[in-house]
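Chemist: Questions regarding the structure given below will be posed in turn.
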Amino acid sequence: MSDKPEEKKPEPAAVPAPAPAAAPAAAPAAAAPAPKPAPPKYVPPTPVFNRANGRLIEDRFTTWPTQVFANRWSRPGFQWGAGMLVGIFLGLGLTGFAIGELSVWAARVYAILGGEPFKKFFLFGPTVVFPVKLAPLAVDAIWTAIKVLIVLHVVLINGLWSIWWERKISAHIQSRVGPTYAGSPSGWNFHGWAQTAIDGIKLLLKEDITPAAADKWVHALAPGLVVAPCIIAFAPVLFGDGMQAANLDIGTLYIFAFAGISVIGVVMAGWASGNKYSLLGGLRGAAQIVSYELPRGFSIVPVLMFAGSLDLQVISNAQAGYWHGVIPRWFIFYPVVGQLAFVIFLIASVAETNRTPFDIPEAESELVSGFHTEYSGMKWSIFFLAEYAYVLLGSFLLATFFLGGGASPINAVPFTLIPSWMWMLGKAMLMMFVFLWIRWTLPRFRVDQLMDFTWKFLLPWSFVNIAIAGLYLAFWLK
Amino acid sequence: MSNMMTAADASTMPELKTDQLFINLGPQHPSTHGVLRIGLTIEGEVIVKAVPDIGYLHRGTEKLAEVRNYHHCVVLTDRWDYVSAMPNNLVFCLAAEKLAGVKTTPRADALRVIMCEMNRIASHLLFFGTYGIDLGAYTPFLYAFREREMVLDLFEMLCGARLTYNYIRLGGVMVDASPEWLKRTGEFIEYFKPRLDEYDTLLTYNPIFMARTKGVGIVTAEEAKSWALSGPNLRGSGVNYDVRKFAPYSGYENYDFDVPVGTDGSCWDRYFCRVSEMRQSVRIIEQAIAKLPAGPFMASGFAKVPKPVPGEAYAHVEASRGDLGIYLASDGGISPFRMHVHAPSFINLAMLQEKLVGMKVSDVIALLGSIDIVLGEVDR
Amino acid sequence: MINYFSRIANNTKAIVQGHWITLKYMFKPAVTIHYPDEKLVPFEAFRGALLFDSNVCISCNLCVKACPSNCIQLENAKNETGKKIAKVDWYSIDFGKCNFCRLCEEACPTKPKSVWHSLDYEVIFTKRDEMVRCWKKDFPFIGKYFDRKAQDFKDPEGQVSIHEVQPRRS
Numbered sequence: 000m001s002d003k004p005e006e007k008k009p010e011p012a013a014v015p016a017p018a019p020a021a022a023p024a025a026a027p028a029a030a031a032p033a034p035k036p037a038p039p040k041y042v043p044p045t046p047v048f049n050r051a052n053g054r055l056i057e058d059r060f061t062t063w064p065t066q067v068f069a070n071r072w073s074r075p076g077f078q079w080g081a082g083m084l085v086g087i088f089l090g091l092g093l094t095g096f097a098i099g100e101l102s103v104w105a106a107r108v109y110a111i112l113g114g115e116p117f118k119k120f121f122l123f124g125p126t127v128v129f130p131v132k133l134a135p136l137a138v139d140a141i142w143t144a145i146k147v148l149i150v151l152h153v154v155l156i157n158g159l160w161s162i163w164w165e166r167k168i169s170a171h172i173q174s175r176v177g178p179t180y181a182g183s184p185s186g187w188n189f190h191g192w193a194q195t196a197i198d199g200i201k202l203l204l205k206e207d208i209t210p211a212a213a214d215k216w217v218h219a220l221a222p223g224l225v226v227a228p229c230i231i232a233f234a235p236v237l238f239g240d241g242m243q244a245a246n247l248d249i250g251t252l253y254i255f256a257f258a259g260i261s262v263i264g265v266v267m268a269g270w271a272s273g274n275k276y277s278l279l280g281g282l283r284g285a286a287q288i289v290s291y292e293l294p295r296g297f298s299i300v301p302v303l304m305f306a307g308s309l310d311l312q313v314i315s316n317a318q319a320g321y322w323h324g325v326i327p328r329w330f331i332f333y334p335v336v337g338q339l340a341f342v343i344f345l346i347a348s349v350a351e352t353n354r355t356p357f358d359i360p361e362a363e364s365e366l367v368s369g370f371h372t373e374y375s376g377m378k379w380s381i382f383f384l385a386e387y388a389y390v391l392l393g394s395f396l397l398a399t400f401f402l403g404g405g406a407s408p409i410n411a412v413p414f415t416l417i418p419s420w421m422w423m424l425g426k427a428m429l430m431m432f433v434f435l436w437i438r439w440t441l442p443r444f445r446v447d448q449l450m451d452f453t454w455k456f457l458l459p460w461s462f463v464n465i466a467i468a469g470l471y472l473a474f475w476l477k
Numbered sequence: 000m001s002n003m004m005t006a007a008d009a010s011t012m013p014e015l016k017t018d019q020l021f022i023n024l025g026p027q028h029p030s031t032h033g034v035l036r037i038g039l040t041i042e043g044e045v046i047v048k049a050v051p052d053i054g055y056l057h058r059g060t061e062k063l064a065e066v067r068n069y070h071h072c073v074v075l076t077d078r079w080d081y082v083s084a085m086p087n088n089l090v091f092c093l094a095a096e097k098l099a100g101v102k103t104t105p106r107a108d109a110l111r112v113i114m115c116e117m118n119r120i121a122s123h124l125l126f127f128g129t130y131g132i133d134l135g136a137y138t139p140f141l142y143a144f145r146e147r148e149m150v151l152d153l154f155e156m157l158c159g160a161r162l163t164y165n166y167i168r169l170g171g172v173m174v175d176a177s178p179e180w181l182k183r184t185g186e187f188i189e190y191f192k193p194r195l196d197e198y199d200t201l202l203t204y205n206p207i208f209m210a211r212t213k214g215v216g217i218v219t220a221e222e223a224k225s226w227a228l229s230g231p232n233l234r235g236s237g238v239n240y241d242v243r244k245f246a247p248y249s250g251y252e253n254y255d256f257d258v259p260v261g262t263d264g265s266c267w268d269r270y271f272c273r274v275s276e277m278r279q280s281v282r283i284i285e286q287a288i289a290k291l292p293a294g295p296f297m298a299s300g301f302a303k304v305p306k307p308v309p310g311e312a313y314a315h316v317e318a319s320r321g322d323l324g325i326y327l328a329s330d331g332g333i334s335p336f337r338m339h340v341h342a343p344s345f346i347n348l349a350m351l352q353e354k355l356v357g358m359k360v361s362d363v364i365a366l367l368g369s370i371d372i373v374l375g376e377v378d379r
Numbered sequence: 000m001i002n003y004f005s006r007i008a009n010n011t012k013a014i015v016q017g018h019w020i021t022l023k024y025m026f027k028p029a030v031t032i033h034y035p036d037e038k039l040v041p042f043e044a045f046r047g048a049l050l051f052d053s054n055v056c057i058s059c060n061l062c063v064k065a066c067p068s069n070c071i072q073l074e075n076a077k078n079e080t081g082k083k084i085a086k087v088d089w090y091s092i093d094f095g096k097c098n099f100c101r102l103c104e105e106a107c108p109t110k111p112k113s114v115w116h117s118l119d120y121e122v123i124f125t126k127r128d129e130m131v132r133c134w135k136k137d138f139p140f141i142g143k144y145f146d147r148k149a150q151d152f153k154d155p156e157g158q159v160s161i162h163e164v165q166p167r168r169s
């Protein structure tokens, strides 16, 4: 069995029999039975591994989970992998810090646009006035445009970030590594950081196919109708204390109202594709999203009752402070009612985003890809963008409604000094991780079970929750 | 939607009945496990008619065997059920040995049992993973393949191939198991046992999974018998029939193991039979390694080109997917006069047409996945 | 009522346990191999692409008979008088048909084997011609293919091998 080189000594140079020309004449009789000259013994070459094409793993058993899991720290690159989350959160925090600090200048810019004198280079230089005298309406218009751009970029950059994060998280949950190589050809490819960007370029360059059976205009309009309400819904989202694009006193209602519009896009996509799987997916999506709007809305009624407002800023402020100076007064820590509302809202948010336990509109193993089966290239990626934008929206809402918004969880000095947008971002990212974690653990519901679950379980319990919240308000939080 | 309507509603409001829709499920579909095509006529989400269509992977193995000698036919058998090829090898060798009247050595028998049971684990792991994917859970698939990879590594270490083994030969096995291999197998078994509990937590007793599979696609014991189902599909319906117990071959009677039997024949029972069988396979492998007899691994008696006396032989084994049988007829020539395969996947698949009617589209996938077909064996 | 709540509790517990397992594996290292950068060396018994040594072959035709898919062909060499000798003139294996079943290697009577499986699992074919490997006297073990367009023997392109010098089975 061994294919090792034969380590036999080569026969002593195959002692050449005396040259036939010399001997045969002398003793022909004796030479006839003499053995013919043995053919030279074959000496197999020593095998040499070809190491030019990559690192060779010669001991196969080092790749067995038994050994990999046993001495995890010796695994090449695992130190990096383990430090990944820490690094990511650190980097995110710094980015958030920078953005947050920049926002201090925002009010100043607003004032300058309105005609207030300012130093030419902001910190030094001669004092000047903005050269163009703008009407107050124009100032507001420019100001709004800036805020709109910021919110738009939040959504777009979130697409880049969260898709990459989902791929990494899902890979590590599944004992894989996920994107590793995308980045730079020279080797600075930290965990494939550029994967989503490159995927995006690829999707942009892909052929945009409209099936022959499709309703062309509706088919083209559907992705826009899915993503536009989602971006609009971000207007009153709270990114930190006072950091909203639009400070609406009906912010909560506004978000839910716009998030609900996307379902029309889903139905349009399913209908217009001219594909039976898409049609089924679109119908399922309509039924699902409309159903889960209800428990999602009712589950936060206790929060609204406690806070006494629909304004996200007010809701966030209502959670400031600590019980006994230790436990933060977040709504999730209100006994029973807080946790119940949190769980119902989380489940309904997952269902709203069509993600795995509730991904029946896409249901890869049943409907191929559901309502976006017939979409390709950028149209498809807009659906994708919308999905992740809804995940981000859900994460921020969870952080605002239940996790105290920008409040620090620990009532101690180094933590309370951290600015609110960082807490907000950290909580939202934690919630996003929960979204991903749920997706990569659970199997999928069936259509009727999904409906049973929302109408017979989530909705009644959210009503019960409202009743309990009413009792709290009557007797405890008077 | 029409699935919300009761029969009474439908009769009082006939104008609300939706059109029937014809859907082609396959041959290129993510979850038909190969090139199976099912023509589904649906009404809303409910199936009113299902027509399975097979034959996309037909390679004429039975005919090919008629122009090859017996040693060559073993190579053909690898290609039926390519997910678990060891029992295929085994069943052909058993039939040919019956035909030629050759008796195998005890060591060869034990090695055959070990390999078949390892292959059963590998096959059921594939089932476990893909069934998870069918029902939307991706992670169990990767976990199952992580373990399956170890089994395939062991196969590669012993016989050099990872999928089409050609390991079990006429009269014995290809090579003997080295002590190193037996040690590594033991290592794998020790690693694998706790993983089975994790699978149970992750999928078997997951409430969503149970809701999707319990009470879905129920096949009663009578139906199962009348459709001649076999393997976990039959045992899931509560019929205790296992060839290893009732017609032992290769010394299965020497091992102590149970036959897991389901209760009501739902998808979950079929699934659970397979997961439990993995535990039993682990038991068998442990026993077989513990009392592996010494001796030759290949019996003498087979010529380079065997020419059995004219006659017939039938052998059947409990393959990963059920009762795999093979019928060999010899006319005294160097190749079989006729080879016929009793393929469990093909027979198990036959229940689709009747069982699918009245189910929902999601349940089609649940039922199809729980039958655990391999199209290579269905079409041969 | 108690049943209802215990069912909720049990289901919640099962789901939380499932999440715990996935979380546990998230903090364990990956078991995957970065394939083009890292390559597994197969076990010694591995049945990879076939190699052939024209210097050792005695042209006995046993491998041709052992092959279930008739993918091997060979031609005896002839001496000056036109008589066949126990040397191979040319030898070819059609990898398009090959089963990788090891029967030819087992049938080979020479020592060391004149046809044997390498550990090479990276056999790549970009042209139909490349699938038929040919060997003549003093060709390398991995053989050459006959390019019908150029009417010439060429080294197989895209052959990425684990070994520079292949091991030999005895």
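Protein chains in written order, with numbering that gives the first Met the number 0: chain A, 0 to 477; chain B, 0 to 379; chain C, 0 to 169.
Each residue gets a CB set at the ideal place from its N, CA and C atoms; glycine is no exception.
1. Would you mind stating whether residue 430 of chain A and residue 398 of chain A have Cβ atoms separated by less than 8 Å?
2. Start and end of the alpha helix (DSSP H) containing residue 338 of chain B?
3. Excluding five sequence neighbours on each side, which residues of the same chain lie with their C-beta closer than 8 Å to the C-beta of residue 56 of chain A?
4. Measure the CB-CB distance between residue 364 of chain A and residue 100 of chain B and report whether it falls below 8 Å.
5. According to DSSP, simplified to helix, strand and coil, what is residue 444 of chain A?
6. Can you give me the Cβ contacts of residue 341 of chain A inside the same chain, cut-off strictly under 7 Å, excluding the 5 residues immediately before and after it?
7. Which residues does DSSP pair with residue 23 of chain B in a beta bridge?
8. Assign residue 119 of chain C to buried or exposed, taking buried as 16 or more other Cβ atoms, counted over all protein chains shown, within 10 Å of its Cβ.
9. Pair every Cβ in the segment 172-181 of chain B with every Cβ in the segment 414-423 of chain A, then say whether three or more of these pairs are closer than 8 Å.
10. Check for me: the alpha helix (DSSP H) holding residue 410 of chain A runs from which residue to which?
11. Alpha carbon to alpha carbon, how far is residue 30 of chain A from residue 137 of chain C?
12. From the DSSP secondary-structure annotation, give me the bridge partner or partners of residue 72 of chain C.
13. Going by alpha carbons, who is nearest to residue 249 of chain B out of B/94, B/18, B/26?
14. Could you check whether the Cβ of residue 322 of chain A sits closer than 8 Å to any Cβ belonging to chain B?
15. Helix or strand or just coil, what does DSSP make of residue 280 of chain B?
16. In angstroms with no decimal places, state the Cα-to-Cα distance between residue 22 of chain B and residue 47 of chain B.
17. Measuring only between beta-carbons, confirm whether residue 123 of chain C sits less than 8 Å from chain A.
18. In chain order, what residues of the same chain lie with their CB nearer than 6 Å to the CB of residue 307 of chain B, ignoring the 5 residues before and after it?
19. Can the beta-carbon of residue 466 of chain A be found less than 8 Å from the beta-carbon of residue 304 of chain A?
20. Residue 39 of chain C CB to nearest chain A CB: under 8 Å?
21. Helix, strand or coil for residue 358 of chain B per DSSP?
22. For residue 165 of chain C, is the classification buried or exposed, using 16 other Cβ atoms within 10 angstroms of its Cβ as the cut-off for buried?
23. When DSSP labels each residue in this structure, what does residue 21 of chain A get in the three-state scheme?
24. Quick one: Cα of residue 156 of chain B to Cα of residue 4 of chain C, how far?
25. Contact criterion: CB-CB distance below 8 Å. Does residue 164 of chain A meet it with respect to chain B?
26. Could you pull the start and end residues of the alpha helix (DSSP H) that residue 293 of chain B belongs to?
27. Using DSSP bridges, identify the partner residues of residue 321 of chain A.
28. Could you check the C-alpha separation between residue 26 of chain C and residue 27 of chain B for me, to the nearest Å?
29. So is residue 35 of chain C buried or exposed if we call it buried at 16+ other beta carbons inside 10 Å?
30. Leaving aside the five residues before and after residue 95 of chain C along the sequence, list all residues of the same chain whose C-beta is less than 7 Å from its C-beta, in chain order.
31. Do you know whose CA, among A/255, A/181, A/118, lies nearest residue 200 of chain A's CA?
32. Quick one, are the C-beta atoms of residue 446 of chain A and residue 295 of chain A less than 8 Å apart?
33. Considering only C-alpha positions, which residue in the set A/338, A/362, A/130 is nearest to residue 460 of chain A?
34. Which term fits residue 367 of chain B, buried or exposed, when burial requires 16 or more other beta carbons within 10 angstroms of its beta carbon?
Modeler: If we stick to the structure as given:
1. In the first sequence, the residue the question calls residue 430 of chain A occupies position 431. In the first sequence, the residue the question calls residue 398 of chain A occupies position 399. Yes, Cβ-Cβ distance for residue 430 of chain A and residue 398 of chain A is below 8 Å.
2. By one-based count along the second sequence, residue 338 of chain B stands at place 339. Here residue 338 of chain B belongs to no alpha helix (DSSP H); instead the beta strand (DSSP E) covers 337-341.
3. For the purposes of this step, residue 56 of chain A is taken as the residue at position 57 of the first sequence. Excluding positions up to five away in sequence, the list reads 62.
4. The count along the first sequence starts at 1 and reaches residue 364 of chain A at position 365. The count along the second sequence starts at 1 and reaches residue 100 of chain B at position 101. Result no, Cβ atoms of residue 364 of chain A and residue 100 of chain B do not sit closer than 8 Å.
5. Mapped onto the first sequence, residue 444 of chain A falls at position 445. Coil.
6. Walking along the first sequence from the start, residue 341 of chain A turns up at place 342. Cβ neighbours of residue 341 of chain A beyond the five flanking positions: 331, 401.
7. Locating residue 23 of chain B in the second sequence gives position 24, counting from the first residue. Answer is B/38, bridged to residue 23 of chain B.
8. By one-based count along the third sequence, residue 119 of chain C stands at place 120. So residue 119 of chain C ends up on the buried side.
9. no
10. Position 411 of the first sequence, counting from 1, holds the residue named residue 410 of chain A. First-last for residue 410 of chain A: undefined, no H or E at that position.
11. Counting from one through the first sequence, the residue named residue 30 of chain A turns up at place 31. Counting from one through the third sequence, the residue named residue 137 of chain C turns up at place 138. Since pLDDT at residue 30 of chain A reaches only 45, below the 50 mark, its modelled position is unreliable, and the value read off the structure follows with that caveat. Approximately 33 Å between the Cα atoms of the pair.
12. Along the third sequence, read from residue 1 onward, the residue named residue 72 of chain C stands at position 73. The partner list for residue 72 of chain C (beta bridge, DSSP) reads C/91.
13. By 1-based counting over the second sequence, the position of residue 249 of chain B is 250. Comparing Cα positions, the closest option is B/94.
14. Within the first sequence, the letter at position 323 stands for residue 322 of chain A. Closer than 8 Å: no.
15. Translated into positions along the second sequence, residue 280 of chain B becomes position 281. Of the three classes helix, strand and coil, the one that applies to residue 280 of chain B here is helix, per DSSP.
16. To locate residue 22 of chain B, count along the second sequence from 1; it is residue 23. To locate residue 47 of chain B, count along the second sequence from 1; it is residue 48. Near 11 Å, if we compare the C-alpha coordinates of residue 47 of chain B and residue 22 of chain B.
17. Your numbering for residue 123 of chain C matches position 124 in the third sequence. With 8 Å as the cut-off, residue 123 of chain C does not count as an interface residue toward chain A.
18. Against the second sequence, residue 307 of chain B aligns to sequence position 308. So the list reads 98, 99, 329, once near-sequence residues are dropped.
19. By one-based count along the first sequence, residue 466 of chain A stands at place 467. By one-based count along the first sequence, residue 304 of chain A stands at place 305. Their beta carbons are not under 8 Å apart, which means residue 466 of chain A does not touch residue 304 of chain A by this criterion.
20. To locate residue 39 of chain C, count along the third sequence from 1; it is residue 40. Taking Cβ atoms only, chain A reaches closer than 8 Å to residue 39 of chain C, which makes this a yes.
21. By 1-based counting over the second sequence, the position of residue 358 of chain B is 359. In this structure, residue 358 of chain B counts as coil in the three-state DSSP scheme.
22. Numbered from its first residue, the third sequence carries residue 165 of chain C at position 166. Buried, because 16 or more other Cβ atoms sit within 10 Å of the Cβ of residue 165 of chain C.
23. Here residue 21 of chain A refers to the residue found at position 22 of the first sequence. Unreliable placement is indicated for residue 21 of chain A, whose pLDDT of 40 sits below 50; no coordinate value is reported for it.
24. For the purposes of this step, residue 156 of chain B is taken as residue 157 along the second sequence, with counting starting at 1. For the purposes of this step, residue 4 of chain C is taken as residue 5 along the third sequence, with counting starting at 1. One C-alpha to the other measures close to 52 Å.
25. Within the first sequence, residue 164 of chain A is the residue found at index 165, counting from 1. For residue 164 of chain A, the answer is no, since every Cβ of chain B falls outside 8 Å of its Cβ.
26. Against the second sequence, residue 293 of chain B aligns to sequence position 294. From DSSP, residue 293 of chain B is part of no alpha helix (DSSP H); its letter is neither H nor E.
27. On the first sequence, position 322 is the one that residue 321 of chain A refers to. Residue 321 of chain A is bridged to A/327.
28. Stepping through the third sequence from its first residue, residue 26 of chain C is reached at position 27. Stepping through the second sequence from its first residue, residue 27 of chain B is reached at position 28. So the alpha carbons of these two residues sit roughly 37 Å apart.
29. Translated into positions along the third sequence, residue 35 of chain C becomes position 36. Exposed, by the Cβ-count rule.
30. As a first step, residue 95 of chain C is located in the third sequence; it is residue number 96 there, counting from the start. Cβ neighbours of residue 95 of chain C beyond the five flanking positions: 130.
31. Against the first sequence, residue 200 of chain A aligns to sequence position 201. Per the Cα distances, A/181.
32. By 1-based counting over the first sequence, the position of residue 446 of chain A is 447. By 1-based counting over the first sequence, the position of residue 295 of chain A is 296. No, they are not a contact pair.
33. Here the question's residue 460 of chain A lines up with position 461 in the first sequence. When only C-alpha atoms are compared, the closest one is A/338.
34. Along the second sequence, one-based indexing puts residue 367 of chain B at 368. Residue 367 of chain B should be labelled buried.
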